[in-house]
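Protein sequence lines, in the order shown, are assigned to chains F and S.
Per the numbering used here, the first sequence runs over residues 0 to 109.
Per the numbering used here, the second sequence runs over residues 4 to 113.
C-beta: ideal position from N, C-alpha, C; glycine also.
Values in this document were obtained by computation on a predicted structure and should not be read as measured data.
Notes follow the structure.
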Amino acid sequence: DTAVSQTPKYLVTQMGNDKSIKCEQNLGHDTMYWYKQDSKKFLKIMFSYNNKELIINETVPNRFSPKSPDKAHLNLHINSLELGDSAVYFCASSQGVEQYFGPGTRLTVT
Amino acid sequence: AQSVAQPEDQVKVAEGNPLTVKCTYSVSGNPYLFWYVQYPNRGLQFLLKYITGDNLVKGSYGFEAEFNKSQTSFHLKKPSALVSDSALYFCAYNFNKFYFGSGTKLNVKP
């Protein structure tokens, strides 16, 4: 059973489009996260939700809007995609001090 | 500023030799420290953590790390490297949120 899953795995789209990435965890964790990994493999947190409530919102453009319909899901919607949004986006969840990561979504904006 | 640093972008070792991947931290208080591994096109996998207690922490796949308070280090080690250990390794700490190091690429040659 996959603990943290993301869809899609790959996403290729054009500048200006709007796209969503979905994340689900079946671990029963209360907290979920979105991370962005750039081309140099640098990993940075974007958002964190605890029990459907936003608790961390880093300096991310407001074109990025997370939504948590329930504590097992945290989706990421991106409006007006730009070339610089190309990266791998990781979802993660935690119920304590360690985090469990999804397989990642590679977003390519052309 | 609180941070973790991985001074080496890449580490190369021969299979069967011991390996060390370095991490130093600059964190006030008692840090929660972690090592994660990322295989190509995969998400991050938890290797081990230090919360409190014994300074030598054993983790997955034969890896271990030593918490050294005086040197503010948390180096990852393995007595005998395998080619399959080749991957990207991240040191991280948890202080309300996760902060990741820049990553070290480990290359184990046959």
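On the CB-based measure, 16 or more other CB atoms within 10 Å of its CB, does residue i come out buried or exposed?
| i | result |
| --- | --- |
| M31 of chain F | buried |
| K35 of chain F | buried |
| V96 of chain F | exposed |
| S47 of chain F | buried |
| F100 of chain F | buried |
| Q98 of chain F | buried |
| F66 of chain S | buried |
| T94 of chain F | Looking at the sequence shown, residue 94 of chain F is not Thr but Gln. Label assigned to Q94 of chain F: exposed. |
| D69 of chain F | exposed |
| F98 of chain S | exposed |
| P113 of chain S | exposed |
| L73 of chain F | buried |
| L53 of chain F | exposed |
| P34 of chain S | buried |
Please confirm whether residue i has its beta-carbon closer than 7 Å to some beta-carbon of chain A.
| i | result |
| --- | --- |
| K35 of chain F | Note that chain A does not occur in the displayed structure, where the protein chains are F and S. |
My guess is that residue i and residue j are in contact by the Cβ rule of under 8 Å, so how many angstroms apart are they, rounded?
| i | j | result |
| --- | --- | --- |
| T113 of chain F | P7 of chain F | Beyond the ends of chain F as shown, which are 0 and 109, falls residue 113 of chain F; an answer cannot be given. |
| K51 of chain F | S67 of chain F | 4 Å |
| G19 of chain S | S83 of chain S | 6 Å |
| V75 of chain F | W33 of chain F | Per the sequence presented here, residue 75 of chain F reads as Leu, with Val not at that position. 5 Å between Cβ atoms; contact. |
| K100 of chain S | I20 of chain F | Contact flag wrong, Cβ pair sits at about 20 Å. |
| P21 of chain S | K61 of chain S | About 15 Å; that fails the 8 Å criterion. |
| T78 of chain F | D17 of chain F | Looking at the sequence itself, residue 78 of chain F is Asn, so the reference to Thr does not match. Right, the Cβ-Cβ distance comes to about 5 Å (below 8 Å), so this counts as a contact. |
Which residues in the same chain have their Cβ closer than 6 Å to the Cβ of residue i, if we skip the five residues on either side of it in sequence?
| i | result |
| --- | --- |
| G106 of chain S | L91 and F93 |
| L36 of chain S | Y53, F77 and Y96 |
| Y42 of chain S | A90 |
| F70 of chain S | Y53, N58 and F77 |
| K108 of chain S | Q13 and L91 |
| L47 of chain S | Y39 and Q41 |
For residue i, which residues from the same chain have a beta carbon less than 7 Å from its beta carbon, with the 5 sequence-adjacent residues on both sides left out?
| i | result |
| --- | --- |
| G104 of chain S | V7, A8, Q9, C26, F93, C94 and A95 |
| V86 of chain S | E18, V111 and P113 |
| D84 of chain F | I77, L106 and V108 |
Contact residues within the region 39-72 of chain S, judged by C-beta distance below 9 Å to chain F: Y39, Q41, N44, R45, G46, L47, Q48, F49, K52 and I54
The region 74-83 of chain S in contact with the region 15-30 of chain F per 3-pair CB rule at 8 Å: no
Residues, ordered as in the chain, of the region 45-61 of chain F that lie near chain S by beta-carbon distance below 8 Å: S47 and I55
Residues in the region 18-38 of chain S having any Cβ partner in chain F nearer than 9 Å: Y35 and F37
At least 3 beta-carbon pairs within less than 8 Å: the region 7-18 of chain F vs the region 88-107 of chain F: yes
Chain F contacts made by the region 92-109 of chain S, where a contact means CB separation under 7 Å: F93, N97, K100, F101, F103, S105 and G106
Residues of the region 71-96 of chain F with Cβ closer than 7 Å to any Cβ of chain S, in chain order: F89 and V96
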